[in-house]
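All remarks here apply to the structure that follows.
In our numbering, the protein residues as written are 1263 to 2143.
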C-alpha cells in the first residue's frame, strides 16, 4: 500500500495497528537507507518526527474527544522541537483546559494502549493547563520540556495558553531558571569527569555534546521567549561564525547519534567500543596510513565538542552577566594599558587590543597566571580573541616579545596545566605550537591510552605542577622530593609538552618529537645545554619505564646498561620525574605501588652506578657474595647453622641472590629449613612493606619441582581472582624449586586486609599443588565486554641474553582470563623451563616478558624450536574466548 492507503486504514480500520506499524517501519527503513547513502541528517530527523506526527494525529482523530476544543495532543521536549532520532523517546502531553471529562477516560486509556501496541517509546502525561503550570513550578525538568512544544492534534490555542503561563515569572524567574540549568549542567559535567575526552563518550550528555547545545537553547528561550534557536542572531547573542559553529557541531553530533541508534537498534547515546568501528565505516571514515578510520572519527568528535564547549562558555558567561550581574555594580581593577579585571574576569580595555598589539594574545594568559584571583576571560574578550587568532602566524611565533612572554608563562609559579588548557580551549596553543595542534583530539583506539594525546599531555603537566605541593608526597614520595632539586622547572614542562607531540605521524614519535623540541628551544632562545637536555628527555622519555617494566632490573648488567645511557645525575632526576608524571597520566589504573617500586629501584641503582662510574660495572659474583653474607648473619641470629643454610642455597642458582633483599632471602631460607622433610608444598604469604613489592602480597612456594608447576600455580591464582604482577621461578640443581609471585586481589589490595582469605589462598595452593594429577584445568571466565572489541593477533618474539645464558620471550597479546596458565601449558608441552616473568597489562593489551631456557638450563638456540613455540603460543592465546 502507498502512504495514502495506509493513512486511510489507520483512520478507518477497527484495528489500525498493522497499518500504522507498516507506515512507521516503511519510513524508518527508507530513512535508514537514505542515511547510509549520505542524506542530510537534519532532514531525516525532522522526517522521522513528521512520520510519527502523522500516525499519532490519525489515531487521535479516531476518538470522539478529538473534536473537543478543550483537549489537545502536544509534543514536548526534543520531539516538541520537531526532532526525532531513530530510537528516541516520544514525549507527549495530553493537555486539557480544565481537566479530563468523564466520557474521555476510557477512550484516552484505549488511545495510550494503542500507542504501546505500536511499540513506540512513548513517554506521556495527562494534565490540565493549571496542573502543568504547577508541575513546571515544582520540577525544572518539566518546565524545560514545556518550553518546547508543538500541537500535533487538537486546538493550538491550548498550547499557546500553556506557553504563556510557563514563560511567566509566576512559574520561574529568568534568574532562577538560569541558576538551575547552570547547576544542572555542572552536575552533568562532573558525572563525565568534567572533560570532553572520554573513551566511550555520550553524544547527548558529555561536556560539549548535544545537551550543552540544548541548554543554551533553553536558557535563551526562557530569557527572550524565543521559539527557535536560530533567532539568536536577531539579538546579537551569536555572531554569524558562532552560529555556524553551533549549527555544524549539532549536525555532526546528530550524524553520530542517528547512526549509533541504527547500529544499536535502541535508544543508545553512548559511543561504545561495540559500535565505534562500524559507525566510522557507516559515516565514510577510512584508514589513513597508520591512523584508523575510527581514530579519525573520534578526533572529529573531540574537536567538535571542544569548539562547542568554548562557544557554550561564551554564551553562558554572557547570560551570567546579563541575568545575574545586571543588578550589581561592576568592580574594575586595571592591570595595564591593555587589560583590566572586571568582576574577577579579565578583559581587554577595547576590542582592538589584539589588532594593534598581537603579542597581547599571549600576554593575556601570562596575566591570568600571575593573577590567581582571575576566574576566566570575559565573553567579549573571548570573541575578540577568536576574531584575531589568525594573527598567530610564523612572524608571531618568532616575535621576541611573544617568545619571551611564553617562557615567562612557563616560569611563573602557578597551575600551568590550567593556563595551557585555557590556551588550548581558545585555540591559541594549537596555533602557537602547530605541532601540538596536530594532536588535539587525537586518540589511540585502545584501552591503555584512555585519553587523547593532548588531554594526556595536559595531565602530565598537571602532575608536574602537583609534585611541588604537599599533597603529592604520599603518592609520589621520591618524585616530590626530586622536583625541588631540578634547577629549571620550565625544562621539565617543555619536555612534558613535547614528549608525545609527534604521535600519529608515523616513524618513531620520540625521535621526531626531539627534533620538534629542539626547534622550539632554538626559537625561544634557550641555552645549548638546556636544548640538549630537553631534546634528550623527549627522545628517551620511554627509556626508564621500558627498562623497569620489561627488563630484569635485579640484574646488575641491566642496571649498568641503563646507567650508561644516562649522561648525568641531572638527566636521571629529570627523566625519573618525567616518567612518573607520564605513566600516572596515561591511565588511572596504570600507576600503582608496583610500578612505583620498580622505578624507584631502578633510579636508586642507576644513581649508585653513576656515582661509581659507568666505566666500572659491578661484579656479579661480588654482589652475590655480599648478599649471602648479609643474609647469613640474619640466619645465624635465628640459630640457623651454616650446614642448614648451605643445604638450601647449594640447590639454587646465583640469580636467586640478585632478585630479593637480604631480609627476604633470610625469611624464605629460615621457613624452608623449618619446613624440613614435610612432603607437602610450603606456601608462604605475606604483605610487604618497603622495598620493591611495597603494598603487595608476596606468595612463596617451595616444593618438589614439577614441569607443569607454573601453569598449575597461575591457574589456581587466577581461579582465586588474584592479579599476578610478577613471577619468578628460581632454577635449582636439586629436586626442589622456589617460586615467587607478587599479587593483588581483584580490588587492587594486598591479601593482608582479609586474613581469612589469605589463609584460604594458602590452603588452596597446598591442596591443588601437592599432586600433579590434581592440577586444575585451564580456567574459563567470560571476557569483559570492552576487551572483545580490541582483538589483535598475538605477537611472540625471541632474543638471547648471552650474559645470563637464557632466552627472552616477549608476548604481546590481548588481555584474556587464564592467559598466564595457557602460556605455562605451552611451555610445558615444549619442555621449556621458566625462570622469571615480567607481567605487564596495559589496558586491553598484555606485554609480558618471560625468561626461559631449554630443559637443560641453556638458552634456546634452535630457530625451529622457537618457531614451533611461537606458533603454538599464538594459536593457544588467539583461541581464548
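For glycine and all other residues, C-beta sits at the position ideal for the given N, C-alpha and C.
For residue 1595, which beta-bridge partners are listed by DSSP?
-> 1603
Residue 1766 versus residue 1741: straight-line alpha-carbon distance, rounded = 29 Å
Report all residues from its chain with a CB closer than 6 Å to the CB of residue 2092; omit the five preceding and five following residues, and keep chain order.
-> Sequence-distant partners of residue 2092 (beyond 5 residues in either direction) whose C-beta falls short of 6 Å from its own C-beta, in its chain, are 2131.
If you follow the alpha helix (DSSP H) that residue 1650 is part of, which residue opens it and which one closes it?
-> Segment 1641-1650, the alpha helix (DSSP H) holding residue 1650.
For residue 1413, does the three-state DSSP call read helix, strand or coil?
-> Correct three-state label for residue 1413: strand.
List the residues that DSSP assigns as beta-bridge partners of residue 1207.
-> Outside the displayed range of the chain (1263 to 2143) lies residue 1207, so it cannot be described from this structure.
Three CB pairs or more closer than 8 Å across the segment 1799-1819 and the segment 1722-1739 = no
Close Cβ partners of residue 1745 (< 7 Å) along its chain, the five nearest in sequence each way excluded | 1729, 1730 and 1839
Nearest CA to the CA of residue 1333: which residue from 1424, 1289 and 2068?
-> 1424
CB residue 1678 to CB residue 1755, shorter than 9 Å?
-> For residue 1678 and residue 1755, yes; Cβs fall inside 9 Å.
When the Cα atoms are used, what is the spatial distance from residue 1382 to residue 1352?
-> 7 Å
Express the C-alpha separation of residue 1295 and residue 1684 in angstroms, rounding to a whole number.
-> 42 Å
Would you check if there are 3 or more beta carbon pairs closer than 8 Å linking the segment 1545-1554 to the segment 1589-1604?
-> no
DSSP state of residue 1385, grouped into three classes?
-> strand
Taking residue 1828 as the reference, give the member of 1872, 1689, 1965 and 1817 with the closest Cα.
-> Of 1872, 1689, 1965 and 1817, the residue nearest in Cα terms is 1872.
On a CA-only basis, which of 1911, 1776, 1355 and 1866 is nearest residue 1887? Give me that one, please.
-> 1911
Runs of beta strand (DSSP E) wholly within the segment 1286-1353 (minimum 3 residues, chain order) = Here the runs fully enclosed are 1333-1338.
Among the residues of its own chain, which have a CB less than 6 Å from the CB of residue 1282, if the five just before and after it don't count?
-> 1272, 1317 and 1380
Does the ligand GTP have even one heavy atom less than 8 Å from the beta-carbon of residue 1379?
-> Absence of the ligand GTP from the depicted structure is noted, as is the absence of any ligand whatsoever, leaving it without description.
Which two residues bound the contiguous beta strand (DSSP E) that contains residue 1224?
-> The requested residue 1224 is not part of the displayed model; the chain covers only 1263 to 2143.
In whole angstroms, what is the alpha-carbon distance linking residue 1982 and residue 1915?
-> 31 Å
Compare the beta carbon distance of residue 1220 and residue 1706 with 9 Å and say whether it is the shorter of the two.
-> Here the chain has residues from 1263 to 2143 only, and residue 1220 is not among them.
Exposed or buried, which one is residue 2059 when buried takes at least 16 other CB atoms within 10 Å?
-> exposed
In the DSSP assignment, find the unbroken beta strand (DSSP E) run with residue 1756 in it and report its ends.
-> That residue, residue 1756, is in no beta strand (DSSP E); its alpha helix (DSSP H) goes 1751-1760.
Integer-rounded CB distance, given that residue 1563 should sit under 8 Å from residue 1518 = 7 Å
Nonlocal neighbours in the same chain, by C-beta distance under 6 Å from residue 1639, ignoring five residues either side = Contacts found: 1608.
Reduced DSSP secondary structure (H/G/I, E/B, other) of residue 1726 | helix
With DSSP run on the structure shown, which of helix, strand or coil describes residue 2042?
-> Note that residue 2042 scores 48 on pLDDT, short of 50, meaning its location in the model is unreliable; the coordinates nonetheless yield the value given after this. Three-state DSSP puts residue 2042 in coil, outside helix and strand.
Would you be able to state if there are at least three C-beta pairs under 8 Å between the segment 1433-1442 and the segment 1396-1404?
-> yes
Would you be able to state if there are at least three C-beta pairs under 8 Å between the segment 1527-1538 and the segment 1570-1588?
-> no
If we call anything under 9 Å between Cβ atoms a contact, is residue 1413 one with residue 1391?
-> In this structure, the beta-carbon distance from residue 1413 to residue 1391 does not fall below 9 Å.
For residue 1566 versus residue 1511, is the C-beta spacing smaller than 9 Å?
-> yes
Measuring CA to CA, which of 1752, 1298 and 2116 is closest to residue 1796?
-> 1752
Given residue 1712, which residues of its chain have a CB within under 6 Å of its CB, disregarding the five upstream and five downstream residues?
-> 1461 and 1849
Leaving out five residues before and five after residue 1997 in sequence, what residues of the same chain have Cβ atoms less than 7 Å from its Cβ?
-> Exclusion of the five residues before and after residue 1997 leaves 1966 and 1967 as the residues of its chain whose Cβ lies within less than 7 Å of its Cβ.
Name the two residues that bound the continuous beta strand (DSSP E) containing residue 2113.
-> 2107-2115
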